[in-house]
Amino acid sequence: MQVQEIMSTSVEYVPTDTTLAQAAKYMRDLDTGFLPIGDSPQGRLQGVITDRDITVRGVAAGKNPENTTVDQMKTDKILYCFQDEHVNDAANNMQDQKVYRLIVLNNRDEKRLCGVVSLGDIVRHDSAKLGGETAREISQH
Numbered sequence: 000m001q002v003q004e005i006m007s008t009s010v011e012y013v014p015t016d017t018t019l020a021q022a023a024k025y026m027r028d029l030d031t032g033f034l035p036i037g038d039s040p041q042g043r044l045q046g047v048i049t050d051r052d053i054t055v056r057g058v059a060a061g062k063n064p065e066n067t068t069v070d071q072m073k074t075d076k077i078l079y080c081f082q083d084e085h086v087n088d089a090a091n092n093m094q095d096q097k098v099y100r101l102i103v104l105n106n107r108d109e110k111r112l113c114g115v116v117s118l119g120d121i122v123r124h125d126s127a128k129l130g131g132e133t134a135r136e137i138s139q140h
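Under numbering that gives the first Met the number 0, residues 0 to 140 are what the sequence shown spells out, in order.
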């Protein structure tokens, strides 16, 4: 099974000048803990912001969520896979990187955002066994 068969395609960029408060509201409304960041009309991904980035690196560090932007708190290292990869490869990537979700890019030439694949997607659509093994590996320190 390929990643494109199980990924979530309802992902949107938030602009770099989005405040942490606005990002948190988007996360609430979209029921997600993760947002891609990008400004350009070509849809170039500039980073990601997670609920953990907002709470730990932002609010807990004393940043004002009303005037601190996602660009200031974003994670620059973008972990990704491609939509035509096998789900097992994406799961292995999650295990290696110790993350619960990956950005999905359309192909190796264009590298356009086309979705997000999460551990939950793997469990729901592919295999509870693979999902369990992946979660176990991610949670080991």
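We put the beta carbon where it would ideally sit given N, CA and C, even for glycine.
Check                                                                                                                                                      : Outcome
For L104, report the span of its beta strand (DSSP E) as first-last.                                                                                       : R100 to L104
Report, in whole angstroms, the separation of the C-beta atoms of I36 and V69, which I expect to be a contact under 8 Å.                                   : 5 Å
In this structure, how does DSSP classify I53 when only helix, strand and coil are distinguished?                                                          : helix
Less than 8 Å between C-beta atoms, sequence neighbours within five positions excluded: which residues of the same chain meet that for R100?               : F33, M93, V115, V116, S117 and L118
Tell me which residues share the same chain as A134 and place their Cβ nearer than 7 Å to its Cβ, disregarding the 5 neighbours each side in the sequence. : L118
At the level of alpha carbons, what is the spacing between N105 and M6?                                                                                    : 12 Å
G131: buried (16+ other C-beta within 10 angstroms of its C-beta) or exposed?                                                                              : exposed
Would you check if there are 3 or more beta carbon pairs closer than 8 Å linking the segment 21-29 to the segment 76-90?                                   : no
Between which two residues does the alpha helix (DSSP H) harbouring I36 extend?                                                                            : First-last for I36: F33 to I36, but that is the beta strand (DSSP E), not the alpha helix (DSSP H).
Taking the Cβ atom as the reference point for each residue, do E84 and Q1 lie within a distance shorter than 8 Å?                                          : yes
Just the Cα atoms here: how many angstroms apart are E136 and A59?                                                                                         : 28 Å
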